[in-house]
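See below for the structure under consideration.
Laid out in structure tokens, this is it:
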């Protein structure tokens with residue numbers, strides 16, 4: 006028995022320095038050659054599909070820039086909260102390299118201790134609340150909760166939040182769940198802002214949400230249900246609406262994107278899985294890439310406003326902004342003062358108990 010205890014003690018004595026060394030390695034700059042070998046193992050992500058904010062092209066350009074021979078990306082779609090939970094649950098056998106999250110979930114990931122102590126060099130351009138305090142996640146681009154409409158199905162499209170309350174839209178509207186989704190949470194905050202509240206005063210959003218519940222279709226919707234007219238009105242980020250409109254136009258389907266007055270700028274973010282040490286260099290190098298001039302430009306081409314552009318430290322050529330909605334449509338879009346003060350758990354609690362009365 007004593008030998009068993011001694012064995013355990015020896016293993017613990019070995020493990021602790023190794024863990025410290027692992028975290029130390031996370032702090033080191035990435036090695037490109039090793040990152041290429043790690044990319045050859047496959048780039049697995051959660052909640053970061055190719056058609057989300059141009060991540061597919063971003064990853065391909067990233068691999069091409071660094072001359073990686075292999076760049077196979079596989080994604081499993083899930084909410085921000087699910088991604089964090091999976092990182093933690095799979096700590097002994099990590100799968101994903103990194104994930105896209107709503108910015109409000111950054112502090113949640115920090116609290117769950119699933120992030121490594123690494124920040125890319127260009128994180129210096131991001132203010133507090135737009136990056137992790139000690140490393141592991143950074144804001145990447147900005148989206149605005151918007152109204153996306155299949156105008157072949159809905160001849161009189163809603164253009165404002167209050168328009169969505171009209172009886173003619175009953176059962177036609179898709180909204181992401183604010184209790185679990187970064188998009189849903191941002192939408193709920195936008196409703197609060199539009200009706201006199203803010204991120205610290207959600208009651209106006211609660212009052213509006215109670216009214217809109219009866220008009221919701223149930224599922225949040227996607228490009229397929231938008232195209233078929235099954236959920237012809239969807240509340241999604243503007244850049245996704247722009248992409249859907251461009252894609253479906255080629256199929257003869259007309260889609261319009263409306264930026265409601267009082268909506269908000271909601272930064273997206275990318276977080277790295279600290280447990281996936283076998284692809285550590287790949288993760289760090291891609292974190293560097295998304296905040297580089299090249300990486301930010303690829304978000305812009307898709308229709309998303311890059312984080313560094315919004316913050317005033319990146320200039321974009323006119324052709325990079327060709328897919329954007331006009332600046333005039335964003336004149337009444339609001340900014341959350343400090344995203345680090347936005348608690349997804351509070352939003353979930355308010356949604357469940359004050360809106361849905363569950």
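In my numbering, the protein residues as written are 6 to 363.
From the three backbone atoms N, C-alpha and C, an ideal C-beta is built for every residue, glycine too.
No experiment lies behind these values; they were computed from the predicted model shown.
Using the rule of at least 16 other Cβ atoms within 10 Å of the residue's Cβ for burial, across every protein chain shown, is residue 362 buried or exposed? Around the beta carbon of residue 362, a 10 Å sphere encloses fewer than 16 other beta carbons of the protein chains shown; the residue is thus reported as exposed.
Under the assumption that residue 349 contacts residue 155 (Cβ atoms under 8 Å), give the Cβ distance between them as a whole number of angstroms. Not quite, the Cβ-Cβ distance comes to about 30 Å (not below 8 Å), so this is no contact.
Cβ shell of residue 101 (< 6 Å), same chain only, five flanking positions each side left out: Excluding positions up to five away in sequence, the list reads 49, 50, 51, 278.
Grab me the residues of residue 41's own chain with a C-beta within less than 7 Å of its C-beta, minus the 5 sequence neighbours each way, in chain order. Contacts found: 71, 73.
Restricting to Cα atoms, I'd like to know which of 219, 120, 356 is closest to residue 173. When 219, 120, 356 are compared, the shortest CA-CA separation from residue 173 is found for 219.
Taking the beta strand (DSSP E) that residue 265 belongs to, which residues open and close that run? Run containing residue 265: none; DSSP gives neither H nor E here.
In the region 75 to 112, which residue ranges form an unbroken beta strand (DSSP E) of at least 3 residues, counting only runs that do not cross its ends? Runs found: 78 to 81, 103 to 107.
Helix, strand or coil: how does DSSP classify residue 361 here? In the structure shown, residue 361 adopts coil according to DSSP, grouped into three states.
Let me check understanding here. Comparing Cα to Cα, which of 64, 180, 32 lies closest to residue 302? Answer by Cα proximity: 64.
Closest to residue 125 by CA distance: which of 134, 114, 116, 141 is it? Selection 134, 114, 116, 141 evaluated against residue 125 yields 141 as nearest (Cα-Cα).
In this structure, does DSSP put residue 14 in helix, strand or coil? Note on residue 14: pLDDT 45, under 50, position unreliable in the model; no value is reported.
Report yes or no: do three or more beta-carbon pairs, one from the region 165 to 184 and one from the region 101 to 119, lie closer than 8 Å? The region 165 to 184 vs the region 101 to 119: no contact.
Do residue 271 and residue 56 have their C-beta atoms within less than 8 Å of each other? No, Cβ-Cβ distance for residue 271 and residue 56 is not below 8 Å.
Mind checking whether residue 159 and residue 240 have CB atoms under 8 Å apart? Between residue 159 and residue 240, the C-beta gap is not smaller than 8 Å, which leaves the two residues out of contact.
With DSSP collapsed to three states, give me the class of residue 280. Under the three-state reduction of DSSP output, residue 280 falls in the coil class, being neither helix nor strand.
Does the Cβ of residue 1 have 16 or more other Cβ atoms within 10 Å, making it buried, or fewer, making it exposed? With the chain covering only 6 through 363, there is no way to say anything about residue 1.
Tell me whether the beta-carbon of residue 118 lies closer than 8 Å to the beta-carbon of residue 309. The answer is no: Cβ separation not under 8 Å.
My parser needs the alpha helix (DSSP H) runs of 4 or more residues fully inside the region 307 to 353; what are they? As far as the region 307 to 353 is concerned, its whole alpha helix (DSSP H) runs of at least 4 residues are 312 to 315.
Cβ pair residue 45, residue 79 closer than 8 Å: No. Outside cutoff.
If you run the structure through DSSP and keep just helix, strand and coil, what is residue 221? Of the three classes helix, strand and coil, the one that applies to residue 221 here is strand, per DSSP.
Ignore the nearest five residues each way along the sequence and tell me which others in residue 280's own chain have a CB closer than 6 Å to its CB. Scanning its chain for C-beta atoms nearer than 6 Å, with the 5 sequence neighbours on each side dropped, one finds around residue 280 the residues 96, 99, in chain order.
Under the rule that 16 or more other beta-carbon atoms within 10 Å means buried, what is residue 215, buried or exposed? Of the residues assessed, residue 215 falls on the exposed side of the cut-off, its CB having fewer than 16 other CB atoms within 10 angstroms.
DSSP three-state call for residue 184: helix, strand or coil? The answer is coil: DSSP assigns residue 184 none of H, G, I, E or B.
Where residue 286 falls, given that 16 or more other Cβ within 10 Å makes a residue buried: Buried: at least 16 other Cβ atoms inside 10 Å.
Please report the straight-line C-alpha distance between residue 175 and residue 261, rounded to a whole angstrom. Their Cα atoms are separated by approximately 19 Å.
So the alpha helix (DSSP H) residue 63 belongs to, where does it begin and stop? Its alpha helix (DSSP H) spans residues 60 to 70.
With which residues is residue 297 paired in a DSSP beta bridge? None, per the DSSP bridge assignment.
Is it buried or exposed for residue 358, if we count other Cβ within 10 angstroms and need 16 for buried? So residue 358 ends up on the exposed side.
May I ask you to check if the CB of residue 82 is nearer than 7 Å to at least one heavy atom of the ligand HEM? Because no ligand of any kind appears in the structure shown, any question about the ligand HEM cannot be addressed here.
Have a look at the DSSP bridge pairing and note the partners of residue 48. As computed with DSSP, residue 48 is found in a beta bridge with 78.
Could you pull the DSSP bridge partners for residue 150 from this structure? According to DSSP, which records beta bridges pairwise, residue 150 is partnered with 242.
Relative to the C-alpha of residue 168, which residue among 191, 144, 199, 132 is closest? Of the candidates 191, 144, 199, 132, the one whose C-alpha sits nearest the C-alpha of residue 168 is 199.
Taking the Cβ atom as the reference point for each residue, do residue 292 and residue 123 lie within a distance shorter than 8 Å? For residue 292 and residue 123, yes; Cβs fall inside 8 Å.
Between the CA atoms of residue 43 and residue 234 - distance to the nearest angstrom: Going from the Cα of residue 234 to the Cα of residue 43 covers about 42 Å.
Do residue 298 and residue 264 have their C-beta atoms closer together than 8 Å? Between residue 298 and residue 264, the C-beta gap is not smaller than 8 Å, which leaves the two residues out of contact.
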